[in-house]
Amino acid sequence: MPATPLEAEVLLVVATLGQRPEFLRQTLASIRAQEVVSDIVIVAPLANERVQQAAREFEARLLPDPGSLPGAINLGVNESPSSYAYVNWLNDDDLLEPGSLKLTTSALKANPLASVAFGACRYIDSAGRELWISKAGPWAPRILNWGPDLIPQPGMLVRADAWRQVGGLDESFSFAFDLDLLLKLRKVGPLVDVGHVVSSFRWHADSLTVGDRRTNIAESERAKRQSLSPTARKFTWVWESPVRAATHLAAREVQRRARKSAS
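Sequential numbering from 1 applies to the sequence shown in UniProt numbering.
Now the structure itself:
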């Protein structure tokens, strides 16, 4: 039986279209392998038999896909009891590292004012081979307002009270809703680094943030501008072009490693 809301500290929402069942099972298995008790909500097309099977196998609740990724994540959180202390979401090809939830929950308990705990992220190819480790550490929150977003979303954990305080995800974003959330949460409380790799992000041809980098970058710039004061917004031209170039360069390097790994 899945843990009851009173037993589980953590709620994890897994959004999927059910098109990658082998990766979905790996994602769910990485959650169930954690030492920390968590409840899983899968948001997906209900008619997909493979998703139904995975939900039964991993004792997850199943909710209907509302038609957008941020909408699916918000639905998973909003349709769940408010008794969970911590929340986050995973895509159907993300993985939690062993001990991930223990590290992030411990960090939030040790830092009661913190709104988010995060760690490094391992980039992997479709076969699970390591390509890159994103590891900015404590510098990542300091440059969030103007630099690249170096806080990996898959392994971070959000204090549920802080999530509710900022209203969850802004569904007007298609790509940069995680950055927008982090910028808002940083105003609620510190973002703390646990100092370890806590997740894996699978890099492949149809990854959401890989397939439309230009829109992603444009949305990221919009989120950053919204978080700045009117005076600071006048100077965004100073850093936006260099950050844009650095983002493209990093993406090309990971893609190069992915091609080399596959060859």
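For each residue, glycine too, the CB sits at the ideal point set by N, CA and C. Remember, it's a predicted structure, so these values are computed and weren't measured experimentally.
DSSP-derived helix/strand/coil call for Ala227: The count along the sequence shown starts at 1 and reaches residue 227 at position 227. Here residue 227 is Ser; the residue named in the question, Ala, does not match the sequence. Helix at Ser227.
Reference Pro66, options Leu75, Thr105 and Ala60, closest by Cα: In the sequence shown, residue 66 corresponds to position 66, counting from 1. With distances taken between Cα atoms, Pro66 lies closest to Leu75.
Report the residue from Asn91, Pro112 and Val188 whose alpha carbon sits nearest the alpha carbon of Val203. To locate residue 203, count along the sequence shown from 1; it is residue 203. According to the sequence shown, residue 203 is Trp rather than Val. Considering only alpha carbons, the answer is Asn91.
Backbone secondary structure at Ile217 - three-state DSSP: The residue you call residue 217 lines up with position 217 of the sequence shown. Here DSSP, grouped into helix, strand and coil, assigns Ile217 to helix.
Let me check understanding here. Comparing Cα to Cα, which of Glu7, Ala47, Ser126 and Leu96 lies closest to Val14? Indexing the sequence shown from 1 puts residue 14 at position 14. Distance from the Cα of Val14 is smallest, within the candidate group Glu7, Ala47, Ser126 and Leu96, for Leu96.
With a threshold of 6 Å on Cβ separation, who are the neighbours of Pro190 within its own chain once the five nearest residues in sequence on each side are excluded? Stepping through the sequence shown from its first residue, residue 190 is reached at position 190. Closer than 6 Å at Cβ, skipping near neighbours: Ala114.
In terms of alpha-carbon separation, which member of Leu46, Ser199, Lys184 and Gln19 lies closest to Gly99? As a working note, residue 99 is residue 99 in the sequence shown. Checked all of Leu46, Ser199, Lys184 and Gln19; the closest Cα to Gly99 is Ser199.
CB-CB under 7 Å to Ala162, same chain, minus the five flanking residues each way: which ones, in chain order? The residue given as residue 162 occupies position 162 in the sequence shown. The residues are Ser115, Leu185, Val188 and Gly189.
For Leu69, which residues from the same chain have a beta carbon less than 6 Å from its beta carbon, with the 5 sequence-adjacent residues on both sides left out? Against the sequence shown, residue 69 aligns to sequence position 69. If we look at Leu69 and ignore the five residues flanking it on each side, its Cβ neighbours are Ala15.
So, at 6 Å on beta carbons, what are the nonlocal neighbours of Leu179 in its own chain, with the 5 sequence-adjacent residues on each side left out? As a working note, residue 179 is residue 179 in the sequence shown. In the same chain as Leu179, and ignoring 5 residues on each side of it, the C-beta atoms closer than 6 Å to its own belong to Asp149, Ser220 and Ala223, in chain order.
Outcome for Ala55 when other beta-carbon atoms lying within 10 angstroms are tallied against a minimum of 16: If you number the sequence shown from 1, residue 55 lands on position 55. The residue in question, Ala55, is buried, as its Cβ has 16 or more Cβ neighbours within 10 Å.
How close, in whole Å, do the beta carbons of Leu101 and Val36 come, if the pair is a contact with beta carbons under 8 Å? Working through the sequence shown from its first residue, we reach residue 101 at position 101. Working through the sequence shown from its first residue, we reach residue 36 at position 36. About 4 Å separates the beta carbon of Leu101 from that of Val36, a gap short enough to meet the 8 Å contact definition.
Straight-line Cα distance separating Asn48 from Gln19: Against the sequence shown, residue 19 aligns to sequence position 19. Against the sequence shown, residue 48 aligns to sequence position 48. The straight-line gap from Cα to Cα measures roughly 9 Å.
On the DSSP bridge assignment, give the partners of Phe118 in chain order. On the sequence shown, position 118 is the one that residue 118 refers to. Asp193.
Can you give the Cα-Cα distance for Lys135 and Leu103, rounded to whole angstroms? Your numbering for residue 135 matches position 135 in the sequence shown. Your numbering for residue 103 matches position 103 in the sequence shown. Lys135 and Leu103 have their alpha carbons spaced roughly 16 Å apart.
Of all the options Glu59, Leu182, Arg129 and Ser174, which has the alpha carbon lying nearest to the alpha carbon of Gln165? Indexing the sequence shown from 1 puts residue 165 at position 165. Of Glu59, Leu182, Arg129 and Ser174, the smallest CA-CA separation from Gln165 is found for Leu182.
Using the three-state DSSP reduction, which class does Val13 fall into: helix, strand or coil? Residue numbering aside, residue 13 sits at position 13 when the sequence shown is read from its first letter. DSSP places Val13 in strand when its eight states are reduced to three.
Going by DSSP, what residues sit across from Phe201 in a beta bridge? Here residue 201 corresponds to residue number 201 of the sequence shown, with the count starting at 1. As a beta-bridge residue in DSSP terms, Phe201 pairs with Tyr123.
For Pro230 and Glu7, the rounded distance between their alpha carbons: Sequence index remark: in the sequence shown, residue 7 carries index 7 (1-based). Sequence index remark: in the sequence shown, residue 230 carries index 230 (1-based). Roughly 45 Å separates the two Cα atoms.
Helix, strand or coil for Asp39 per DSSP? Numbered from 1 along the sequence shown, position 39 holds the residue referred to as residue 39. Strand.
Residues in its own chain within less than 8 Å of Gln52 by CB, not counting five upstream and five downstream? To locate residue 52, count along the sequence shown from 1; it is residue 52. Closer than 8 Å at the Cβ level, and outside the excluded window around Gln52, lie Leu46 and Leu62.
Which whole-angstrom value describes the C-beta separation of Ile151 and Pro141, a residue pair presumed to lie in contact below a C-beta threshold of 8 Å? As a working mapping, residue 151 is identified with position 151 in the sequence shown. As a working mapping, residue 141 is identified with position 141 in the sequence shown. About 7 Å separates the beta carbons of Ile151 and Pro141, which is inside the 8 Å limit, making them a contact pair.
Output the boundary residues of the beta strand (DSSP E) element that contains Arg61. As a working note, residue 61 is residue 61 in the sequence shown. Its beta strand (DSSP E) spans residues Arg61 to Pro64.
What are the partner residues of Asn88, as DSSP defines its beta bridges? Here residue 88 refers to the residue found at position 88 of the sequence shown. Beta-bridge partners assigned by DSSP to Asn88: Leu12.
Out of Ile124, Leu144 and Ser174, point me to the one whose CA is closest to Phe23's CA. In the sequence shown, the residue the question calls residue 23 occupies position 23. Cα-wise, what sits closest to Phe23 is Ile124.
In chain order, what residues of the same chain lie with their CB nearer than 8 Å to the CB of Ser38, ignoring the 5 residues before and after it? For the purposes of this step, residue 38 is identified with residue 38 of the sequence shown, where counting begins at 1. Cβ neighbours of Ser38 beyond the five flanking positions: Ala3, Ala8, Glu9, Val10, Leu11, Leu12, Ile31 and Leu101.
Spatial neighbours of Ile42 within its chain, please: CB distance less than 6 Å, with the 5 preceding and 5 following residues excluded, ordered by chain position. Taking the first residue of the sequence shown as 1, we reach residue 42 at position 42. Around Ile42: Val14, Ala55, Ala60 and Leu62.
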